[in-house]
Amino acid sequence: MIDLDFLASLDFSVPWEFRWQLVKDAGMTLFLAAVSSVIGLLLGILLAIVVRSGHLSVRYAALAYIEFFRNTPLLVQLIWIHFVLPMATGINTTPLASGLIALTLNVTAYFCEIARAGINSVPKGQWEAATALGLRRFPVWTKVILPQALRVMIPPLANMVINIFKATAILSILAVDDLMRVAIRISNSVYKPVEMITSAALIYLVIGSFLAFSADALERKYGPEGRKV
142 MIDLDFLASL DFSVPWEFRW QLVKDAGMTL FLAAVSSVIG LLLGILLAIV
192 VRSGHLSVRY AALAYIEFFR NTPLLVQLIW IHFVLPMATG INTTPLASGL
242 IALTLNVTAY FCEIARAGIN SVPKGQWEAA TALGLRRFPV WTKVILPQAL
292 RVMIPPLANM VINIFKATAI LSILAVDDLM RVAIRISNSV YKPVEMITSA
342 ALIYLVIGSF LAFSADALER KYGPEGRKV
């Protein structure tokens, strides 16, 4: 049964007092998601092109990277990059830099798979037509293949960006001042963990819903179905 006395004891005026701090650090969460998404997408597309390379050593190295980052937990990657890599290289990074590096490397592997699927969806005739026109490799990719592939990639890319936004919460273990970290820190100070974590969850819900709505609108306008309209 629901403990009504417990529910009645909750005081959500406490999160309201810290609302601007929560909003500020929600902005940091969005920053982390945006930077890792943009860089990860660019690197993912480049990696997808590399995978199609005829050089087997290059291709297998790219595939090994993809499999490693897709099949190991982000938490393990994050800890390894922040604590182990500096011991091996002597190069120390801030928690924010380590978080961005780990998140970007992780999502690059997923974006690469999305890009590969989009590129493979381009009809063979498009490749042949570009070759028949005598286009060089760079114009073939930028003017013929990628514009068509991106339409197919929009739905999974949009879902991936939303997942990245939610995954940023794990960076709180490195004391990165994102929304989750600040909510936990405030809850430890005011002894209101339920109210603070619930408020953080609601902020995640609002921003995530906005991202999902924007992704649906983008897909309807530019996605494969939108193209048919």
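Heads up: the sequence shown runs through residues 142 to 370, numbered per the numbering used here.
Built from N, CA and C at the ideal position, the CB exists for glycine as well.
For Y201, the enclosing alpha helix (DSSP H) starts and ends at L197 to R211.
Here S194 carries a coil assignment [DSSP, helix/strand/coil]. Listed in chain order, the non-local C-beta contacts of V335 below 7 angstroms within the same chain comprise L151, local neighbours out to five positions each way being set aside. For Q267, the CB contacts under 8 angstroms within the same chain, skipping 5 residues up- and downstream, are V285, I286 and Q289 in chain order. Counting every other CB atom within 10 Å of its CB across the protein chains shown gives S198 a total below 16, marking it as exposed. Look at T235 here: in three-state DSSP terms it is coil, with no helix or strand label. Beyond the five residues adjoining it in sequence on each side, Y251 comes within less than 7 angstroms, by CB distance, of R211 and M301 in the same chain, given in chain order. Contact annotation: L346 and L163 have beta-carbon atoms that are not nearer than 8 angstroms. Between the C-alpha atoms of D166 and L241 there is a straight-line separation of about 16 angstroms. Counting every other CB atom within 10 Å of its CB across the protein chains shown gives I295 a total of 16 or more, marking it as buried.
About 4 angstroms separates the Cβ atoms of L184 and T249, confirming a contact at the 8 angstroms cut-off. Taking a 10 Å sphere around the C-beta of M337, we find 16 or more other C-beta atoms and assign the residue as buried.
In this structure, DSSP gives S177 a helical state, which the three-state scheme calls helix. V285 sits in a helix when the DSSP states are folded into three classes.
Using a 10 angstroms sphere on the CB of V179, the tally of other CB atoms stays under 16, which defines it as exposed.
Under the DSSP assignment, W268 falls in the alpha helix (DSSP H) whose first and last residues are K265 to A273.
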